[in-house]
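Student: Chains as they are written, first to last, in numbering that gives the first Met the number 0: chain F, 0 to 134; chain U, 0 to 450. Cβ coordinates follow ideal geometry from the N, Cα and C atoms, glycine included. Sharing a structure below in structure tokens format, with a few things to ask.
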Amino acid sequence: MKVVVLTTLRHERIGECQEAVRRWADAGDEVRLITMHPYDASAWPVAGMVVLGPPTTGARFGTLSRALVRVYPGSPGRQLRRRVRASAEARAALEGADLVASADTPAVLALWWSSRRHPSAPHIAGLGSALQQRR
Amino acid sequence: MRPGRYPAPVSRRPHLLYVAWGYPPCRAGGVYRALATPNAFAAAGWDVTVLTVDRETFHRYTGADEALEELIDPRITVVRTPFEWPALETDVRSWSWLRAHAPRVWRRYRKQRDRMHRFPETGYAGWRGDLEAAASRIHAATPVDLVLASANPATAWLAAWHLHRTAGVPYVLDQRDGWTLDVFSGDRVHSRSSRIGAWEHRLLGSAREVWFVNEPIRAWYAREYPELADRLHVVMNGWDAELAPSAAPPAPARRPLTFGYIGTISGKVPLGEFVAGWDRARTTDDVVAEARTVLRGYLGFYATPNAAQRQLVEAAEASGVTFGGPVSKTEIAAVYAGFDVLLLILGSGLYVTSGKVFEYLATGLPVVSVHDPTNAASDVLAGYPLWFPAASLEPDDIAEALRLAADAALHADHETRTAAREFGERYRRDRQLDPRVEALTASVGSAEVRA
Chain F
0 MKVVVLTTLR
10 HERIGECQEA
20 VRRWADAGDE
30 VRLITMHPYD
40 ASAWPVAGMV
50 VLGPPTTGAR
60 FGTLSRALVR
70 VYPGSPGRQL
80 RRRVRASAEA
90 RAALEGADLV
100 ASADTPAVLA
110 LWWSSRRHPS
120 APHIAGLGSA
130 LQQRR
Chain U
0 MRPGRYPAPV
10 SRRPHLLYVA
20 WGYPPCRAGG
30 VYRALATPNA
40 FAAAGWDVTV
50 LTVDRETFHR
60 YTGADEALEE
70 LIDPRITVVR
80 TPFEWPALET
90 DVRSWSWLRA
100 HAPRVWRRYR
110 KQRDRMHRFP
120 ETGYAGWRGD
130 LEAAASRIHA
140 ATPVDLVLAS
150 ANPATAWLAA
160 WHLHRTAGVP
170 YVLDQRDGWT
180 LDVFSGDRVH
190 SRSSRIGAWE
200 HRLLGSAREV
210 WFVNEPIRAW
220 YAREYPELAD
230 RLHVVMNGWD
240 AELAPSAAPP
250 APARRPLTFG
260 YIGTISGKVP
270 LGEFVAGWDR
280 ARTTDDVVAE
290 ARTVLRGYLG
300 FYATPNAAQR
310 QLVEAAEASG
320 VTFGGPVSKT
330 EIAAVYAGFD
340 VLLLILGSGL
350 YVTSGKVFEY
360 LATGLPVVSV
370 HDPTNAASDV
380 LAGYPLWFPA
390 ASLEPDDIAE
400 ALRLAADAAL
410 HADHETRTAA
420 REFGERYRRD
430 RQLDPRVEAL
440 TASVGSAEVR
450 A
């Protein structure tokens, strides 16, 4: 089974996602990760990793800048969705997937967008539920 | 009840409509009571119809144990209605644009929609329409003589209320824990003037009987509604003869011992405290040091394991505590057979009993209580010869209880073990249900059944 995981998670919160990917890989699934932050692919049992670049947060320039970023380019979730739409590699990964899962709440926007393009594959919010679906 | 609208006594076999959301194949803890109650009425000669939700609900949301369906009395007719639980739907293909893009607005909208069903129970109130329609159909096809509606959720009671209002059918509410009482804190969580308080008062006021799982909860309701006190009854959970583990042979266990826990591992279960006590006991007692603990059950109340609970059990592995996952009720006897000492790890609360305490008693094994000493489970266990309650949730007290239980598992004499088995016999579920089934049979007045 081909599984695609969408995430905006940063390094410090990625542990649970990594564990879920490991479980899928142990079960013989082919997992691809679509992420905003770069991870060392050798530490992940994945068939492919699409890195879309960290989100713009405006944090370096204070509160006003952060507020403006929420308007454009938008929340991390909106930025992920936009980059997935713009990335041929990410679109190709989603097209061939048998199961698509989001690892965090912001990634649900991209997941929902994908679900409208590929309604035949389950699109599951949350890794726990997605693992359950696999079972 | 409007007088004269309901013809009683009946001269045919009485017809019970039993309403419960959590009915097999649901795997939630309360399902065994829902399974046993209509079975008891069927065995007493009633025609029984069970009204519940479709199987898919349990497969998708709570987890299902299909083996339980085989234990439904074949004389019972089961009617299932559709049930939507959008808040737990994780496949976003079925999500609206609003839910994906503005989840807070969507949640507010759902809450508002639930209010439109004129019943204050978020998530379940939407069941009301299907429930009432199904109850009416059942009553039209075969007149219902009594409705027994079981929480949780309280929305199930609306089938009883509906038939009572429209056809004058008497009803019994199985409250189990109570709707307006927080069994953990003992506080009233909804005032009498709130919508929930008003509904509870209305529903209790017209009920023929109201059942609770333990005396502290019944007493609380009797204090709150003194005018209804004579209609409030305790129907304890008990253990099911067809599902219970066989009692352990009255013989000493062998080292290394296995301590076992079976039950839902929710956020209320003081697992962290137990592990601290277990670690302490392992450093001070040779028998416990070489023993192991096996935890079996679901992590949280839903099909998807609770992440926090999963982390907790994984962290406990370093202390010789292993997690074996859920166990089907039909396999439970074999699992108990592998245990030498049972761990009763419960959330705190004067009003908390838990169903598993009865199953534990059926085994005749030593039981270590890891919960607040004032917990209602203590009333059930008081007098059990192999009961070892921790004086508090402090590591030293838990360690001491574990040490004493381990010693009893190895050295308790034959008389003590036999007494433990006899004590457990008192809490068979049929012994809890029979008095109420008999009383209701008499009150409905079927000559055929009483003969």
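#1: Please classify U/PRO152: does DSSP put it in a helix, a strand, or coil?
#2: Where F/GLY14 and F/ALA91 are concerned, what is the direct C-alpha to C-alpha distance, given to the nearest angstrom?
#3: Using beta carbons (cut-off 7 angstroms, strictly below), is U/ALA99 in contact with chain F?
#4: Indicate whether the contact test is met: 3 or more Cβ pairs, each with one atom in the stretch 45-56 of chain U and one in the stretch 11-29 of chain U, closer than 8 angstroms.
#5: Assuming U/ALA408 and U/VAL340 form a contact by the criterion Cβ under 8 angstroms, report the distance between their Cβ atoms to the nearest whole angstrom.
#6: Just reading off the beta strand (DSSP E) that F/GLU29 is part of, what are its end residues?
#7: Leaving aside the five residues before and after U/ALA398 along the sequence, list all residues of the same chain whose C-beta is less than 6 angstroms from its C-beta, in chain order.
#8: Which same chain residues end up closer than 7 angstroms to F/ARG77 when comparing Cβ atoms and leaving out the 5 residues on each side of it in sequence?
#9: According to DSSP, what are the bridge partners of F/THR6?
#10: Rounded to the nearest angstrom, what separates U/ASP173 and U/ALA148 at their Cα positions?
#11: Strictly under 7 angstroms for the Cβ-Cβ distance: is F/SER114 near chain U by that measure?
#12: Considering only the beta carbon of each residue, do F/THR7 and F/PRO75 sit closer than 7 angstroms?
#13: Quick one: is F/TRP23 near chain U, going by C-beta distance under 7 angstroms?
#14: Hey, does F/PRO118 have any beta-carbon neighbour from chain U nearer than 7 angstroms?
#15: Determine, using beta carbons only, whether F/PRO121 comes closer than 7 angstroms to chain U.
#16: List the residues of chain F whose Cβ lies closer than 8 angstroms to the Cβ of U/ARG92, in chain order.
#17: Please list, in chain order, the chain U residues whose beta carbon lies closer than 7 angstroms to that of F/LEU110.
#18: Please report the straight-line C-alpha distance between F/LEU67 and F/ILE123, rounded to a whole angstrom.
#19: Quick one: is F/ALA85 buried, meaning 16 or more other Cβ sit within 10 Å of its Cβ, or exposed?
#20: Tell me where the beta strand (DSSP E) around U/GLY46 begins and ends.
#21: If we call anything under 7 angstroms between Cβ atoms a contact, is U/ASP525 one with U/PRO81?
#22: Sort U/LEU203, U/LEU364, U/ASP176 and U/GLY128 by Cα distance to U/HIS410 and report the nearest one.
#23: Measuring alpha carbon to alpha carbon, tell me which residue in U/GLY337, U/GLY348, U/ALA381 and U/ASN236 is nearest U/THR362.
#24: In whole angstroms, what separates the C-alpha of U/TRP126 from that of U/SER193?
#25: I'd like the ranges of any alpha helix (DSSP H) spanning at least 4 consecutive residues and lying wholly in the stretch 187-275 of chain U.
#26: Give every residue of the same chain whose Cβ lies closer than 6 angstroms to the Cβ of U/ASP144, excluding the five residues on either side of it in the sequence, and list them in chain order.
#27: In the structure shown, what three-state DSSP assignment does F/PRO121 receive?
#28: Is F/MET48 helix, strand or coil by DSSP?
#29: May I ask which residues mark the beginning and end of the alpha helix (DSSP H) holding U/PRO388?
#30: Exposed or buried, which one is F/PRO121 when buried takes at least 16 other CB atoms within 10 Å?
#31: What does F/VAL107 touch in chain U if you count any residue whose Cβ is under 7 angstroms from its own?
#32: From U/PRO23, U/VAL18 and U/ARG32, pick the residue whose C-alpha is nearest to that of U/GLU358; which is it?
#33: Using 8 angstroms as the threshold, is the stretch 232-245 of chain U in touch with the stretch 207-215 of chain U, meaning 3 or more CB pairs across them?
#34: Quick check on U/THR415: does DSSP put it in helix, strand or coil?
#35: From U/GLY324 to U/ALA159, what distance separates their C-alpha atoms?
Tutor: Considering the structure as presented:
#1: DSSP places U/PRO152 in coil when its eight states are reduced to three.
#2: A direct Cα-to-Cα measurement between F/GLY14 and F/ALA91 gives close to 26 angstroms.
#3: With 7 angstroms as the cut-off, U/ALA99 counts as an interface residue toward chain F.
#4: Yes, they touch.
#5: Contact between U/ALA408 and U/VAL340 holds: CB atoms are separated by about 5 angstroms, below the 8 angstroms threshold.
#6: Looking at the DSSP string, the run of the beta strand (DSSP E) that includes F/GLU29 is 29-34.
#7: Excluding positions up to five away in sequence, the list reads GLY276, ARG279 and ALA280.
#8: Taken in chain order, the residues that qualify are LEU108.
#9: DSSP output for F/THR6 lists F/THR34 as bridge partner(s).
#10: Rounded to the nearest angstrom, the two C-alpha atoms are 6 angstroms apart.
#11: It does; some Cβ of chain U falls within 7 angstroms.
#12: Closer than 7 angstroms, so yes.
#13: Answer no: the Cβ-Cβ gap between F/TRP23 and chain U never drops below 7 angstroms.
#14: Output row for F/PRO118: interface = yes.
#15: Output row for F/PRO121: interface = yes.
#16: Counting only Cβ-Cβ distances below 8 angstroms, U/ARG92 has contacts in chain F at SER114, PRO118, PRO121 and HIS122, in chain order.
#17: Under the 7 angstroms cutoff, chain U gives VAL91.
#18: The straight-line gap from Cα to Cα measures roughly 31 angstroms.
#19: Its Cβ having fewer than 16 others within 10 Å, F/ALA85 is exposed.
#20: Looking at the sequence provided, one finds Asp at residue 46 of chain U rather than Gly. From DSSP, the beta strand (DSSP E) with U/ASP46 extends over 46-52.
#21: It is not possible to answer for residue 525 of chain U, since the shown part of chain U is limited to 0 through 450.
#22: Comparing C-alpha distances from U/HIS410 to each of U/LEU203, U/LEU364, U/ASP176 and U/GLY128 shows the shortest one belongs to U/LEU364.
#23: If we check each option's Cα against that of U/THR362, U/GLY337 comes out closest.
#24: Near 21 angstroms, if we compare the C-alpha coordinates of U/SER193 and U/TRP126.
#25: Fully contained in the stretch 187-275 of chain U are the following alpha helix (DSSP H) runs of length 4 or more, in chain order: 194-205 and 214-223.
#26: Hits under 6 angstroms: VAL9, PRO13, HIS14 and VAL443.
#27: Coil at F/PRO121, not helix or strand.
#28: Here F/MET48 sits in strand by DSSP.
#29: Annotation for U/PRO388: no alpha helix (DSSP H) segment contains it, though the beta strand (DSSP E) segment containing it runs 386-388.
#30: That one is buried.
#31: Chain U residues near F/VAL107: VAL91 and ALA99.
#32: The residue with the shortest Cα to Cα distance from U/GLU358 is U/ARG32.
#33: Contact between the stretch 232-245 of chain U and the stretch 207-215 of chain U is present, because at least three Cβ pairs lie under 8 angstroms.
#34: The answer is helix: DSSP assigns U/THR415 an H, G or I state.
#35: Distance from the CA of U/GLY324 to the CA of U/ALA159, rounded to the nearest whole angstrom, comes to 37 angstroms.
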